[in-house]
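Enquirer: Numbering (the UniProt record's numbering), first residue to last: 1 to 459.
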Ligand code: ARG
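(1) In three-state DSSP terms, what is residue 162?
(2) Just grab the DSSP bridge partners of residue 221 for me.
(3) Could you give the distance in angstroms between the alpha-carbon of residue 209 and the alpha-carbon of residue 9?
(4) Note down, in chain order, each residue of its chain lying with its Cβ closer than 6 angstroms to the Cβ of residue 53, except the 5 sequence neighbours on either side.
(5) Using DSSP bridges, identify the partner residues of residue 268.
(6) Going by C-alpha to C-alpha distance, which of 299, 293, 267 sits closest to residue 284?
(7) Look at the alpha carbon of residue 446 and the alpha carbon of residue 326, and state the distance between them as a whole number of angstroms.
(8) Run through DSSP, which three-state label would residue 340 get?
(9) Quick check: residue 187 and residue 122, are their CB atoms within less than 8 angstroms of each other?
(10) Are there 16 or more other CB atoms within 10 angstroms of the CB of residue 279, so buried, or fewer, so exposed?
(11) Can you tell me where the beta strand (DSSP E) holding residue 151 begins and where it ends?
(12) Does the segment 212-229 touch the segment 138-145, meaning 3 or more C-beta pairs lie closer than 8 angstroms?
(13) Apart from the five residues on each side of it in sequence, which residues of its chain come closer than 6 angstroms, Cβ to Cβ, to residue 110?
(14) With hydrogens ignored, establish whether the beta-carbon of residue 17 is closer than 7 angstroms to any heavy atom of the ligand ARG.
(15) Which complete alpha helix (DSSP H) runs does the UniProt domain "Argininosuccinate lyase C-terminal" (364-432) hold, if anything under 4 residues is left out?
(16) Decide yes or no for the touch test of the segment 62-72 against the segment 32-42: beta carbon pairs closer than 8 angstroms, at least 3 of them.
(17) Around the C-beta of residue 440, are 16 or more other C-beta atoms found within 10 angstroms, so that it is buried, or is it exposed?
(18) Please determine if the segment 412-427 and the segment 356-373 are in contact, where contact requires at least 3 C-beta pairs separated by less than 8 angstroms.
(19) Quick check: the Cα distance between residue 100 and residue 86, rounded to an integer number of angstroms?
(20) Shortest alpha-carbon distance to residue 321 belongs to which of 235, 402, 370?
(21) Sort 247, 212, 408, 276 by Cα distance to residue 42 and report the nearest one.
(22) Give the DSSP bridge partners of residue 275, in chain order.
(23) Where do the ends of the alpha helix (DSSP H) carrying residue 35 lie?
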C-alpha cells in the first residue's frame, strides 16, 4: 500500500518493518482525541485562510462521520498505515480527496502525537480522579462504623499501642487524598497545547495556536517547539502518580492478607471476593488482595521503563518515544481495574471486632500509658520507662497482662500507684485520651470523618 510519506522512496517497506514500526494496535485507543485535535486544527486553518474555508468545512464534517463510524465498529485500521494519526488521515483522504490532503498543512505527526497523548491522559486522569473520590467515600463510610473498634497498632509489626479501626482506615484516606491532589497537580502540566511545534521548529504558516488551545479546552500553549514535541515529563509524572496509588493499595492489601490469616483473624473477606484451592478443601484465599499487591509491580516497572526510555534521547522527537504509550496505558488500565474491586472488597468484608480488641490486649500495648500514669503522678519519664520495663518483665514471667497485676504487685514497683491505675490503662482510656490533633481518640476521629465528608461533598 502507498505510504502517505512515500514520495522519496524507491522500494516499499519490508513487511517485517511495517509490523515492527506500527503502533496502531495500541494507539488506536486515542482515536477520539486524534479526531478532536484534527477538527480544531482544520477549523483554525480555515479561519486563518491557510486552506480554503470550504475545504476546512469538508474536513470537519467528514472527521465527524469517521468518528461515528469508528464508534459503530465500521472502520478497520491498517498496520501499513502505521499509527492512529495516519490511519485517520488516510481514511479522510479516501473519502474527500484533495480537501483531505490539506489537513496536515502546518502540522507534523510529532506535534500531533504530543497533542493526542496529552488529551488522552487528561481524559483518563479525570476518570481515575472519580474512582479515587469513590474510594475515599468507601473509606469514610467504613470508618464511620468503627470509631469504637479498638485494635492493636503496630510498629515493626510488633504490637505497639491501641488505635481504632476507624483511625487506621482514615490513614488510608489521607494517602488516597494525596493521590487525588497529585493527579490534579500533574494535570496542570499536561494541560498545555503543543500543536504548532511542527516537526521540531514550528512552521512558517500563520497558525493561531491560542485559538486551537481554546477550542480544545487547554489552559496554555507550549513555549518552545523543540520541547513541545520532545517533552514526555507529563507521562512520567502520571506514571509516578499511578505507582503511588498502587503502592497505597498494595500496603492496605498486604494488611488485609495478614489480617485474614488464622493467626490474626481480624477480618474475613466476603465469599464473593475470595477463592478456594483446587486441592485443599478448607482454603479460602484473599486472591483479590494478593493480585492487587502483585499488580503494583508492573506499574512500578512502567515508571522505571519510561524514565529509562527517555534518558538518552537527543532533542527533538525520536521514534523511541512511541514506546511511551504501552506502559502508561497499562498503568492506567491496571489502576482502573484495581480501584473498583478494592472498594467492593473492603466494603463487603467482615470486621471481627472481638478479635481486634483481644489482639489489642496482648503484647502490653498499654505499657506507655502505665509510664504516662507515673509521669502524671510526678515521676520523670525516663524513670517511669524503667519502672514499667521491669513490670513488663515481671508480667511476662508470670504470664499476665499489665492490667491483671494486683494492687500489691503494682506497689512492689512503685508506691505512687493507686486504684485509679486500672481505669487509666484500660484500652478505652488508652485510645480515647489520645486527643491530640491527628490522634485516635473517638472524638478526634469523628472530627476527621466530619472534615472528610465535608471535603467529599465539595468534590
Ligand atoms: N506513532 C508515533 C508515536 O507514537 C507518531 C509520531 C511519529 N513521527 C515520526 N516522524 N515517525 O510516537
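C-beta: ideal position from N, C-alpha, C; glycine also. Please read all numbers here as calculations on a predicted model, not as lab measurements.
Expert: This is what the structure gives:
(1) strand
(2) 193
(3) Between residue 209 and residue 9, the C-alpha separation is close to 33 angstroms.
(4) 46
(5) 350
(6) 267
(7) 43 angstroms
(8) helix
(9) yes
(10) exposed
(11) 150-155
(12) no
(13) 199, 229, 317
(14) Checking the Cβ of residue 17 against the ligand ARG gives no.
(15) 367-376, 381-397, 407-413, 421-424, 427-432
(16) yes
(17) buried
(18) The answer is yes - the segment 356-373 touches the segment 412-427, with three or more Cβ pairs under 8 angstroms.
(19) Distance between the alpha carbons of residue 100 and residue 86 is about 12 angstroms.
(20) 235
(21) 212
(22) 285
(23) Here the alpha helix (DSSP H) through residue 35 covers 31-47.
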